[in-house]
Amino acid sequence: MLKVSLVIVGGGPAGMSAAVAAYKAGVKDILILEREAHLGGILRQCIHNGFGLHKFGEELTGPEYAARYAEQVKELGIPYKVGTMVTKITPDKEITAINSTDGIMHIKADAIILAMGCRERPKGALNIAGSRPSGIYTAGTAQKYVNIKGYMPGKEVVILGSGDIGLIMARRMTLEGAKVKAVCELMPYSGGLARNIEQCLNDFGIPLLLSHTVVQIHGKDRVTGVTIAKVDEQRRPIKETEQYIACDTLLLSCGLLPENELTKGAGIDIDRITGGAVTDQNRQTSVPGVFACGNVLHVHDLVDYVSDEAEIAGCAAADYIAGIESERVDISVRPVNGVRYTVPQRITSAQDTVVYFRVSDVFRDKKIVVRCAENVISSKKKIKLAPGEMETVKLDAKVLAGIGTGEISIGLED
Amino acid sequence: MANIREMTCIICPRGCQLTVEYEGKNVLSVKGNACKRGNDYAVAECTCPTRTLTTTVMTESGEVVAVKSNKAIPKELLFDAMKQINALRVSDSVRQGDVVVANILDTGADIIVTSYIE
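Read top to bottom, the protein sequences are chains Z and B. If you use the numbering used here, the first sequence corresponds to residues 1 to 414, in order. If you use the numbering used here, the second sequence corresponds to residues 1 to 118, in order.
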């Protein structure tokens, strides 16, 4: 059996960033395992710009952002295998992987970083009536066809869901000559960034229909149209508002789900809200020595934050391998009052910690309040909070040391 | 007569809501921007709106590589630029940063390769 100090599962932005951070923190025996034929992950097909403003202070496209890290991986000589699929991880940190040159590999790791990313919610999970004609794609699949393969998946398009990939694809297909007839969003607000609604829809006069959904898909061999309808407050379609839109393509941009089959197989505790592992401030999961970062842990809005999180995991994995431990505390972080989830979910060491969270609805003029029992630890005002935009609160090392053992809550208050 | 226009700044993912007071093509005030770039965006939006174009170009062997305009170009030229780029076949040996169209449509912007090709 092969022995490696640190195995990183996934060679996208999270995996590459974690590898670079771990290497710089002293771990030289690293192996990145990537399923695709290249490093870079989803960024390779995200050819639009807007990446890297936070991390590099300049506006990069996805491939350019990925290249910054791929270059570092190569310059540092960090080993990686592409075209390699990890099929199993055990709680003892044994990894089974397979590719066409090495065959089946068994690898024993001292530490593992999970960086497998996420998947799009498929049509099967959406329960739309109709047969199964061709012309239905997730937005990310369409993105791969157009940007990597150079095929246009259709000419007349309706998009269900207003996630960022759907908005980006509305613009992309319009530029390539398709007619995007409408973007339907079930919720009364968009899940995408405000700038994408502006530059991907408004720029091209594409209507965003909030509180609308697709109730039926028409067509036998190929999509010929969809029936859409407005929904009421319980998100039930209103029959009288049904309207038919002729189209040959339906794109689905209805949310992303962390890809955690391997994680579950390793017996790691999963947060049922995020769909990712439960972790501490170091992104260490319930299995010591196994870390998770990026979209496999929780879905991020910006790749810059994925890189930040991966650096935390990379450095923590290096500390774990070196046997370094910091002052122990045992604090659980509980989301309350409009906060849907937090990452991390628990804090095990008294160090300055940034807690990431999402809210469950659109809120205006609220305070983000952190409490321990009845005491307010911190409070900050926000004019607007939305589920599509990740929020953060900072916790001070001294405050955490003072709590020692217990629970803190993060919630919204007036 | 001064007019008021609400817009979302698209310079960064923060997406500031801007309130712009303008008269003709003369911007009188910009409010709601968190940084100076928001002000510049609002002025450009009211005078000559520009966008960075990102798309793909076909290589001689039929692969596609990603490209972008290295500067924002006038919004109304996006489709003309697309037409020119889509008519192109570039060498298979292009690398990230290579210019495939110089000074596209006289905008002063070059179309450069963004794909990372090992």
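We put the CB at the ideal spot given by N, CA and C, even for glycine. Owing to the predicted nature of the structure, the values given are computational and were not obtained by experimental measurement.
query	result
Which two residues bound the contiguous beta strand (DSSP E) that contains Z:ARG371?	363-372
Return helix, strand or coil for Z:GLU156, following the three-state DSSP convention.	strand
Could you list the residues in the stretch 58-78 of chain B with a C-beta less than 7 Å from some C-beta on chain Z, going in chain order?	MET58, VAL64, ALA66, LYS68, LYS75, LEU78
Can you give me, in chain order, the residues of the stretch 325-350 of chain Z that have a beta carbon less than 7 Å from any beta carbon in chain A?	Any reference to chain A falls outside this structure, whose protein chains are Z and B.
So B:CYS48 contacts chain Z; which residues on that side make the cut at Cβ distance below 8 Å?	Within 8 Å Cβ-Cβ: nothing; B:CYS48 doesn't reach chain Z, min ~14 Å.
Suppose you measure from the CA of B:ALA34 to the CA of B:ASP40; what does that come to, to the nearest Å?	12 Å
For B:CYS35, return the contacting residues in chain Z, with the cut-off set at a CB-CB distance below 7 Å.	Those within 7 Å of B:CYS35 in chain Z number zero; the least Cβ separation is about 11 Å.
Please state whether DSSP places Z:LEU297 in a helix, a strand or coil.	coil
Classify Z:VAL4 as buried or exposed, calling it buried when 16 or more other Cβ atoms lie within 10 Å of its own Cβ.	buried
Near Z:ALA317, which residues of its chain fall below 6 Å by C-beta distance, leaving aside the five closest residues on each side in sequence?	LEU6, ALA22, ALA111, ILE113, PHE291
Do three or more CB pairs link the stretch 249-262 of chain Z to the stretch 292-300 of chain Z at distances below 8 Å?	yes
Rounded to whole angstroms, how far is the Cβ of Z:ILE42 from the Cβ of Z:GLY11, which I believe are closer than 8 Å?	Contact flag wrong, Cβ pair sits at about 11 Å.
List, in order along the chain, the chain Z residues whose C-beta lies closer than 9 Å to that of B:ILE104?	The contacting residues do not exist; B:ILE104 stays about 14 Å from chain Z at best.
Since B:GLY15 meets chain Z, which of its residues come closer than 8 Å, beta carbon to beta carbon?	LEU193, ALA194, ARG195, GLU198
Which residues in chain Z have a C-beta closer than 8 Å to the C-beta of B:ARG51? List them in chain order.	GLN199, ASP203
Quick one, which residues of the stretch 139-152 of chain Z are near chain B if we go by CB-CB under 8 Å, in chain order?	VAL146, ASN147, ILE148, LYS149, GLY150
Please check the pair Z:ASP361 and Z:PRO335, which I expect to be a contact at CB under 8 Å, by giving their CB distance rounded to whole angstroms.	Actually they do not touch by this definition, with Cβ atoms about 13 Å apart.
Measure the C-alpha to C-alpha separation of Z:CYS420 and B:ARG51 and round it to an integer number of angstroms.	This structure gives no information on residue 420 of chain Z, because the portion of chain Z shown stretches from 1 to 414.
Can you tell me whether Z:ILE89 is buried or exposed, with buried defined as 16 or more other CB within 10 angstroms of its CB?	buried
Suppose the cutoff is 7 Å on Cβ atoms and the five residues either side in sequence are ignored; what does the same chain contact list for B:LYS121 look like?	Since the first residue of chain B shown is 1 and the last is 118, residue 121 of chain B is not available in this structure.
Compare the C-beta of B:THR114 with all C-beta atoms of chain Z and state if any pair is closer than 8 Å.	yes
If we cut at 8 Å on Cβ distances, does Z:ASN295 have a partner in chain B?	no
Taking Z:LEU395 as the reference, give the member of Z:GLY225, Z:TYR356, Z:LYS381 with the closest Cα.	Z:TYR356
In the DSSP assignment, find the beta strand (DSSP E) that holds Z:ASN375 and state where it starts and stops.	375-385
Rounded to whole angstroms, how far is the Cβ of B:LEU53 from the Cβ of B:LYS31, which I believe are closer than 8 Å?	No, B:LEU53 and B:LYS31 are not in contact; Cβ-Cβ is about 29 Å, not under 8 Å.
Quick one: does Z:THR61 have its CB under 8 Å from some CB of chain B?	yes
Going residue by residue through the stretch 10-80 of chain B, where are the continuous beta strand (DSSP E) segments of at least 3 residues, counting only ones entirely within it?	17-23, 26-31, 54-59, 64-69
Counting C-beta neighbours from all protein chains within 10 Å, is the total for Z:ASP269 16 or more, i.e. buried, or is it exposed?	exposed
Going residue by residue through the stretch 124-198 of chain Z, where are the continuous alpha helix (DSSP H) segments of at least 4 residues, counting only ones entirely within it?	139-144, 164-175
Would you list the one or two residues that DSSP bridges to Z:GLU94?	Z:LYS108
If we define contact as Cβ-Cβ less than 8 Å, is Z:HIS48 a contact residue for chain B?	yes
Counting only runs that start and end within the stretch 2-66 of chain Z, where is the alpha helix (DSSP H) found for 4 or more residues in a row?	13-24, 53-56
My guess is that Z:VAL329 and Z:THR405 are in contact by the Cβ rule of under 8 Å, so how many angstroms apart are they, rounded?	7 Å
When you check each C-beta in the stretch 61-75 of chain Z against every C-beta of chain B, which residues fall closer than 7 Å?	THR61, PRO63, GLU64, ALA66, ALA67, ALA70
Could you tell me which residues DSSP pairs with Z:ASN99 in its beta bridges?	Z:GLY103
Cutting at 8 Å between CB atoms, please list the residues of its own chain near Z:VAL231, excluding the five before and the five after it.	LEU186, SER211, HIS212, THR213, PRO237, ILE238
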